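Chemist: Residue numbers (our numbering): 6 to 330. Yeah, the Cβ is synthetic: ideal placement off N, Cα and C, and Gly gets one too. Treat the numbers as computed from the prediction; the structure is a model and nothing was measured. Just passing along the structure, written as structure tokens.
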Ligand code: TRP
């Protein structure tokens, strides 16, 4: 069983990224052979600040390792380090039709109608298909928003196989069960987000123990009596209970029964978070301090990924009639 997923190089994670997605990747690596890719080429599809992109790529890579992606169990790599990605990306662009790419809702939302939008934003899903197909992946853990892109990857694999002979594994269509949906601590009607300007709205994996506890203690609750899990009416508390549940794997309703006031609940969540995030923060800082280790890990991932992706690329090229030497 092979798993592949990609993550944008947006930099250091917050607990919403951690409990929502990264923990699933960590779990997946125990179940099969996993490939995790930091998609820096996809990041180029909108205007980038080169310094930010570089920082974001290093931080994203370090975040994943600090959070538990083990380079001895998984292949963790940066997309631009594996030349087979843009090669297969081109092949996918020449397999997909304009009509198909035009129907992608993400492009419609982000780019349609603007003359200056980059051509790469339009062909983004073809490169994503290449990412997936290069590893002959069986499963692709992504969020609901990527479902249409995953379906396109399946269509392109099927079409290519029909036209040129069996070359790509067709990945499974279903979106795996998602992790926790962590909400903004100051406005629990919104998802916790990197782009929020409100510092207390999110907890980064680099926050100090004090900051973690402070942000939890200031998290929005309500004026109801007692503690109960009521995700419809008591959003703030529900969010806190869900965060606690993501840490302890106990159901939020059960956790709620143990408390009668917010103070002690928040204190315990703060402590549990500190115990879980503290070691992640320390490992993250260590990796960013020692770039030699980080680069060596990137090298290791890139060479393993290249072996697999290059083999697929050669088969695809040969199948299409390109001369392979
Ligand atoms: N498009 C995905 C996102 O925005 C990232 C991505 C790129 C990806 N290539 C991938 C995800 C391959 C899964 C598999 O989140």
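1) Could you spell out the range, first to last residue, of the beta strand (DSSP E) harbouring residue 39?
2) My output table needs one value for residue 254: the three-state DSSP class, helix, strand or coil.
3) Look at the alpha carbon of residue 158 and the alpha carbon of residue 128, and state the distance between them as a whole number of angstroms.
4) On the DSSP bridge list, what partners appear for residue 10?
5) Just the Cα atoms here: how many angstroms apart are residue 62 and residue 82?
6) Spatial neighbours of residue 126 within its chain, please: C-beta separation below 8 Å, excluding the five flanking residues on both sides.
7) Considering just the uninterrupted stretch of the beta strand (DSSP E) at residue 145, what are its terminal residues?
8) Taking contact to mean 3 or more Cβ pairs, one atom from each stretch, closer than 8 Å, check whether the segment 141-152 and the segment 6-23 are in contact.
9) CB of residue 133 to nearest heavy atom of the ligand TRP: below 6 Å?
10) Thinking just about the alpha-carbon of each residue, which of 326, 166, 130, 169 is nearest to the one in residue 150?
11) Taking the CB atoms as reference points, tell me whether residue 210 and residue 278 lie closer together than 7 Å.
12) Figure out for me which residue from 34, 90, 53, 85 has the closest Cα to the Cα of residue 316.
13) Are the Cβ atoms of residue 87 and residue 307 separated by less than 7 Å?
14) Let me check you understand the geometry: is the CB of residue 39 closer than 6 Å to at least one non-hydrogen atom of the ligand TRP?
15) Less than 7 Å between the beta carbons of residue 258 and residue 234, yes or no?
Modeler: According to the data block:
1) Where residue 39 is concerned, the enclosing beta strand (DSSP E) stretches over 38-43.
2) The answer is coil: DSSP assigns residue 254 none of H, G, I, E or B.
3) Between residue 158 and residue 128, the C-alpha separation is close to 12 Å.
4) DSSP lists 41 as partners of residue 10.
5) Looking at the two C-alpha atoms, the distance is approximately 10 Å.
6) Here the set comprises 50, 51, 112, 115, 116.
7) Per DSSP, residue 145 belongs to no beta strand (DSSP E) and is neither H nor E.
8) In short, these stretches touch, since the Cβ pair count reaches three.
9) Yes; taking the cut-off as 6 Å, the Cβ of residue 133 has a heavy atom of the ligand TRP nearer than that.
10) Comparing alpha-carbon positions, the option among 326, 166, 130, 169 lying closest to residue 150 turns out to be 130.
11) No; because the gap between Cβ atoms is not below 7 Å, this pair is not in contact.
12) Among 34, 90, 53, 85, the Cα nearest to that of residue 316 is on 90.
13) Yes, Cβ-Cβ distance for residue 87 and residue 307 is below 7 Å.
14) No.
15) With a cutoff of 7 Å on beta-carbon distance, residue 258 and residue 234 are scored as near each other.
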